[in-house]
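Report on one structure; see the data block that follows.
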Amino acid sequence: MEDILRLERVSKVYKPNIRALDDITFSVAKGEFIFITGPSGSGKSTLLNLIFRAEKPTSGEIFFEGRPLSSFPRKEIPFLRRKIGFVFQDFKLLENHTVFENVAISLEIQDIPEGEIRYRVLKILKRLGLAGKENQLVKQLSGGEKQRVALARAVINRPRLLLADEPTGNLDARRTEEVMEIFEDLNAEGTTIILATHDHSLFVDSHRRVLLLDEGRLLNP
Numbered sequence: 001m002e003d004i005l006r007l008e009r010v011s012k013v014y015k016p017n018i019r020a021l022d023d024i025t026f027s028v029a030k031g032e033f034i035f036i037t038g039p040s041g042s043g044k045s046t047l048l049n050l051i052f053r054a055e056k057p058t059s060g061e062i063f064f065e066g067r068p069l070s071s072f073p074r075k076e077i078p079f080l081r082r083k084i085g086f087v088f089q090d091f092k093l094l095e096n097h098t099v100f101e102n103v104a105i106s107l108e109i110q111d112i113p114e115g116e117i118r119y120r121v122l123k124i125l126k127r128l129g130l131a132g133k134e135n136q137l138v139k140q141l142s143g144g145e146k147q148r149v150a151l152a153r154a155v156i157n158r159p160r161l162l163l164a165d166e167p168t169g170n171l172d173a174r175r176t177e178e179v180m181e182i183f184e185d186l187n188a189e190g191t192t193i194i195l196a197t198h199d200h201s202l203f204v205d206s207h208r209r210v211l212l213l214d215e216g217r218l219l220n221p
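Position 182 of the sequence shown, counted from 1, bears residue number 182 in the UniProt record's numbering, the numbering being contiguous throughout.
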């Protein structure tokens, strides 16, 4: 099966000489759903940030749909991110804006008709158990609700690749199960998913591939 993502000898070093990632090589096939796990500080978030092009690797190359990420000029990055969704660990939501505004923002900058935006936003909010919350300010939500708003925003563009950084970290067991079902549904619809987590219960009984990071190194490439 064709790869959607490929990393070749990727390293990330922060000053003064902190090696967050060390010589990482792996590929992800189109339509695959993989987990990345490891202890806190192992490099999971850094790896996702590099794939999202929020940061650049110190060395090595990342290919998305066959194209090196280093070849994307700054002006093309917004177009790249329409194809790559990201559920951030710290949400990165606009606290003083409504749920609807947070989810709709990436559609509005694409000049999508207002009626279609409303339909798509309300549909995904309902799917994530947030129906009726669209006019509520984000700062009034619980941590679990914010997590689901972040997920709604990440998938509203129907991305080809979805990155998720500890997406169940603020959820109780029932909501965790519901969100994992959403990920499974998205994957069944063709979305490639890379989910970073320290929660082994999410994948212990899964048939999915699991990559293990420790101190910036991939232990099972």
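In this text, a Cβ means the ideal position worked out from N, Cα and C, and glycines have one as well.
For the segment 60-134, which segments carrying the alpha helix (DSSP H) assignment without a break, of at least 4 residues, lie completely within its bounds, in sequence order? 77-80, 99-108, 114-127
Using the rule of at least 16 other Cβ atoms within 10 Å of the residue's Cβ for burial, across every protein chain shown, is residue 150 buried or exposed? Its Cβ being crowded by 16 or more others within 10 Å, residue 150 is buried.
Checking 8 Å against the spacing of the C-beta atoms, do residue 152 and residue 130 come in under that value? yes
Quick one: using the 10 Å Cβ neighbour count with 16 as the cut-off for buried, is residue 85 buried or exposed? Under this definition residue 85 is a buried residue.
Contact check, residue 5 vs residue 83, beta carbons under 8 Å: no
What would DSSP say about residue 172, mapped onto helix, strand or coil? coil
For the segment 144-206, list the beta strand (DSSP E) runs that are entirely contained and at least 3 residues long, ordered along the chain. For the segment 144-206, whole beta strand (DSSP E) runs of length 3 or above, ordered along the chain, are 161-165, 192-196.
Using the three-state DSSP reduction, which class does residue 58 fall into: helix, strand or coil? DSSP places residue 58 in coil when its eight states are reduced to three.
Inter-residue CB distance, residue 194 and residue 163 (contact presumed, cutoff 8 Å): 5 Å
Using DSSP bridges, identify the partner residues of residue 37. 212
Express the C-alpha separation of residue 133 and residue 208 in angstroms, rounding to a whole number. So the two alpha carbons sit approximately 33 Å from each other.
Local conformation of residue 21 per DSSP, three classes: strand
So, is residue 147 buried or exposed, given that buried needs 16 or more other C-beta atoms within 10 angstroms? Classification for residue 147: buried.
Taking a contact to mean a Cβ-Cβ separation below 8 Å, would you say residue 124 touches residue 156 in this structure? yes
Grab the span of the alpha helix (DSSP H) containing residue 45 for me, first residue to last. 44-51
Please list, in chain order, all residues of the same chain as residue 117 whose beta carbon is under 6 Å from its beta carbon, the five residues on each side excluded. 104, 107
Taking just the CA atoms, how far does residue 139 sit from residue 100? 13 Å
Taking DSSP as the reference, what is the three-state secondary structure of residue 243? It is not possible to answer for residue 243, since the shown part of the chain is limited to 1 through 221.
Whole angstroms are fine: how far does the CA of residue 184 sit from the CA of residue 19? 33 Å
Among residues of its own chain, excluding the 5 on either side of residue 175, which ones have a beta-carbon nearer than 7 Å to its beta-carbon? 144
Please state whether DSSP places residue 12 in a helix, a strand or coil. Per DSSP, reduced to three states, the secondary structure at residue 12 is strand.
Quick check: the Cα distance between residue 202 and residue 72, rounded to an integer number of angstroms? 34 Å
Among the residues of its own chain, which have a CB less than 6 Å from the CB of residue 2, if the five just before and after it don't count? 30
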